[in-house]
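Enquirer: Okay, here's the structure, questions in a sec.
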Amino acid sequence: MRLLTICFFLCAFTSLYGQVPEIVFSTQKNYTKREVHIAMRDGVKLFTIIYEPNDKLQDYPIMMIRTPYSVAPYGQDNFGNSLGPNIEFAKEGFVFVYQDVRGKYKSEGDFIANRPYIQHKKKQETDESSDTYDTIDWLVKHIKSNKKVGIWGVSSPGFYASMSLIDSHPNLKAVSPQAPVTDWFLGDDRHHNGAFMLMGSFSFLSSFGKIRDSIGTRHPGGYAAYHTTDGYDFYLKSGPLKNFNQKYLLGKSVLWNEMMNNPDYNDYWKDRSYTRYLNKVKPHVLVVGGWFDQEDLYGPLKTYAALAKAPGHQVSLVMGPWYHGSWTRGEGNALGNLDFNANTSRFYRGEIELKFFKKHLKDNKIPAIDPVSIFVTGANEWNSFNQWPPEESKMTPLYLSANQKLSFQKPIEINNGHAKYIGDPQKPVPYTAEKTLMRGFQYMFEDQIFASRRPDVLVFETEVLTADVKIMGNIQASLFVSSTGTDADFVVKLIDVYPYDKESKLSDCQCLIRGEVMRAKYRNSFSKAEPLVPNQIANVSFDMQDAAHVFKKGHKIMVQIQSSWFPLVDRNPQKFLNIYEANESDFETHEHTIYFNQNHASNIILPIFK
């Protein structure tokens, strides 16, 4: 009777949904959990959870993640819903290890965000590299395994994955830094080209930056009393940056305080950027990132670039159409009105990530994944290469020109070509058309028509394209500017303008492909700020990060230029000073000029793929 009931259920489900339901995999039935404290070389003990397969007939490799975000659920009998990077890993069979990093949750010691690497360490000196080494050393000696270890992590755990590559343990065979935090001043999370990423930093650092009051499982909690759903209004009325400590954080966020005390690219920031140490890496590496990552697009691209320079490197890169960490879940077939015509996340998890770790931890006979796998937006297809950027990409200037036009031909105007706009810090350009308190990720591909209609946003566009234009690689901006003030921000947005199509959700869309900000006082050096000389022309050139996109025939390429992007980016007073100490009276309205003539040919340099 029971068998008949099961058969009836399966038949009914199949008739409704067209397939037999997948049997739910139970981690609790297939794994045994234990909790241990592993002593580091200085005696500090790090809390570690180990999930071991109940099957003892074979030796399994170890998959480890180290995180500042808690390894919950805590307790011998409390199991997570899934183990490893995705559920297929638990089905495949690994020993899974989760560790609270030093100074977080149930681990001893003091927490330091993006803890600097120490060269030539003395006997008991520690950093994240040594903590990883000591953990692996304990694991391979105390756990039944095949002695091969893999590490993965997304975002801050991606940073810890990257740090494991430096002075790596000989048993560490495969590492996947995914959206790794890499440089908090130049391009990740906290700053872009020296400009402070206000919205994301305030919400994150109000909790993450606190010193814990005790070792345990309690989350410190963040600022929650916004009393509004309108982020633009909240941040504008909050005033200068120093007000956020006085009004909300009350000096309790150590990390916020450190940000405010280090306004320039000094040793505080440089010591936390590890890419220069990725020159003698032994494990195989899979670097992963998303083209719409609102937090760490910079990290994977720069980590890969550093690893690819190392002699005999064994690094692969995957960049997909994802926002921060979204490749770890869901199908990845669409974002908003963007339809990718493929289940990109599922493809990545099964055909790239799982195969990578299986090959290097279990069965070397498995074919290697491609060196570089790139999803090309616009064309909606995966491309494979031996390197990134591909050799076929040529850096090609797209020039601003008269009558709000863009052209691949240099302007013919000798002196007169320019456009002006007023930058008013009291009426900054919003970064999104949404009324929202949280930053979100939709702005990474949002229709920019709301901004194009403002008088403080310059708009330039090509004629309708008569052939596809494919870009694959790094985008650079090179602006010739002047201002009546002594500092300014310059935001450049590269946009795909879709034609009218009443059947398309993207009809007339000014879809953002890449946007980036540059703080002009850092135009010559991020370490030594320099004022603009009022009404004197200066070159402001900067990295806009990478893209892989096809502007289709019949579309247009658009560039928008503005001097605020609020409250995503903090307001520039447009006066040369330490912005973190600015008063309300320091914020000034100024006129900015962008030049486009033969002698001062402002342009966006595109990596055109031939």
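Count the sequence shown with mature numbering (1 follows the signal peptide of the UniProt record, and there is no 0) and you get residues -18 to -1, 1 to 592, in order.
No residue lacks a Cβ here, since even glycine has one placed at the ideal position from N, Cα and C.
Only a predicted model underlies this, so the values are computations on that prediction, with no experimental measurement involved.
#1: According to DSSP, is Ala21 part of a helix, a strand, or is it coil?
#2: With Thr448 as the anchor, note down where its beta strand (DSSP E) starts and where it stops.
#3: Looking at the unbroken beta strand (DSSP E) that takes in Thr199, where does it start and where does it end?
#4: At the level of alpha carbons, what is the spacing between residue 599 and Glu335?
#5: So if DSSP puts Ala31 in a beta bridge, which residue, or which two residues, is it bridged to?
#6: Provide the residue span of the beta strand (DSSP E) that contains Pro139, from first to last.
#7: Mind checking which residues open and close the beta strand (DSSP E) that includes residue 593?
#8: DSSP three-state call for Ala288: helix, strand or coil?
#9: With 16 as the cutoff for other CB atoms within 10 Å, does Phe7 come out buried or exposed?
#10: How would you write the range of the alpha helix (DSSP H) that Met181 sits in, first residue to last?
#11: Which residues in the same chain have their Cβ closer than 8 Å to the Cβ of Gln458, if we skip the five residues on either side of it in sequence?
#12: Starting from Asn12, trace the alpha helix (DSSP H) both ways and give me its first and last residue.
#13: For Trp547 and Ser185, I'd like the C-alpha separation in whole angstroms.
#14: Taking 8 Å as the cut-off, does the CB of Ala459 come closer than this to any heavy atom belonging to the ligand GDP?
#15: Going by the beta-carbon positions, is the gap between Tyr142 and Thr114 smaller than 9 Å?
#16: Between the C-alpha atoms of Gly307 and Asn397, what's the straight-line distance to the nearest angstrom?
#17: Over what stretch of residues does the beta strand (DSSP E) that includes His266 continue unbroken?
#18: Touching or not, the segment 405 to 415 and the segment 485 to 494, by the rule of three or more beta carbon pairs under 8 Å?
#19: Tell me the rounded alpha-carbon separation between Arg254 and Asp321.
#20: Less than 9 Å between the C-beta atoms of Gly281 and Pro162, yes or no?
#21: Between which two residues does the beta strand (DSSP E) harbouring Thr575 extend?
#22: Quick check for students: name the residue ranges of the alpha helix (DSSP H) that lie wholly in the segment 104 to 140, counting only runs of 4 or more.
#23: Can we say the segment 294 to 309 touches the segment 254 to 268, given the rule of at least three CB pairs closer than 8 Å?
#24: Could you please give the first and the last residue of the uninterrupted alpha helix (DSSP H) stretch that includes Ala433?
#25: Which ranges would you report for the beta strand (DSSP E) in the segment 350 to 404 if only whole runs of at least 3 residues count?
#26: Check for me: the alpha helix (DSSP H) holding Leu218 runs from which residue to which?
#27: Label Asp41 either buried or exposed according to how many other C-beta atoms from any shown protein chain fall within 10 Å of its C-beta, with 16 as the threshold for buried.
#28: For Arg48, does the count of other Cβ atoms within 10 angstroms reach 16, so buried, or fall short, so exposed?
#29: Determine the closest residue to Trp273 out of Leu232, Pro222, Ser327, with distance taken between C-alpha atoms.
#30: Any idea if Ile394 is buried or exposed, counting beta-carbon neighbours within 10 angstroms, 16 or more meaning buried?
#31: Could you tell me which residues DSSP pairs with Cys493 in its beta bridges?
#32: Applying the criterion that 16 or more other CB atoms from any shown protein chain within 10 Å of the CB defines a buried residue, is Glu428 buried or exposed?
#33: Measure the Cβ-Cβ separation of Thr117 and Leu218 and say whether it is below 9 Å.
#34: Going by beta carbon distance, what residues of the same chain come within less than 7 Å of Lys417, once the five residues before and after it are set aside?
#35: Whose CA, out of Lys487, His574, Ala511, Pro293, lies closest to the CA of Asn517?
#36: Less than 9 Å between the C-beta atoms of Ile561 and Lys452, yes or no?
Expert: Checking against the coordinates, here is how it stands:
#1: strand
#2: Looking at the DSSP string, Thr448 is not in any beta strand (DSSP E), and its letter there is neither H nor E.
#3: Careful: Thr199 lies outside any beta strand (DSSP E) and carries neither H nor E.
#4: The requested residue 599 does not occur in the structure, where the chain is confined to residues -18 to 592.
#5: Reading off the sequence, residue 31 comes out as Ile, not Ala. For Ile31, which the question treats as bridged, DSSP gives the partners Glu17, Tyr80.
#6: Note, Pro139: premise wrong, no beta strand (DSSP E); alpha helix (DSSP H) at 138 to 145.
#7: No information on residue 593 is available, as it lies outside the stretch -18 to 592 that the chain covers here.
#8: helix
#9: exposed
#10: 180 to 190
#11: Met377, Ser523, Phe524, Asp525, Met526, Ile586, Ile587
#12: 9 to 12
#13: 17 Å
#14: As for the ligand GDP, it is missing from this structure, which has no ligand bound.
#15: yes
#16: 48 Å
#17: 266 to 272
#18: no
#19: 38 Å
#20: yes
#21: 572 to 577
#22: 110 to 124
#23: yes
#24: 431 to 434
#25: 354 to 358, 363 to 367, 375 to 383, 387 to 389
#26: 213 to 220
#27: exposed
#28: buried
#29: Ser327
#30: exposed
#31: Asp429, Asp478
#32: buried
#33: no
#34: Thr211, Asp212
#35: His574
#36: no
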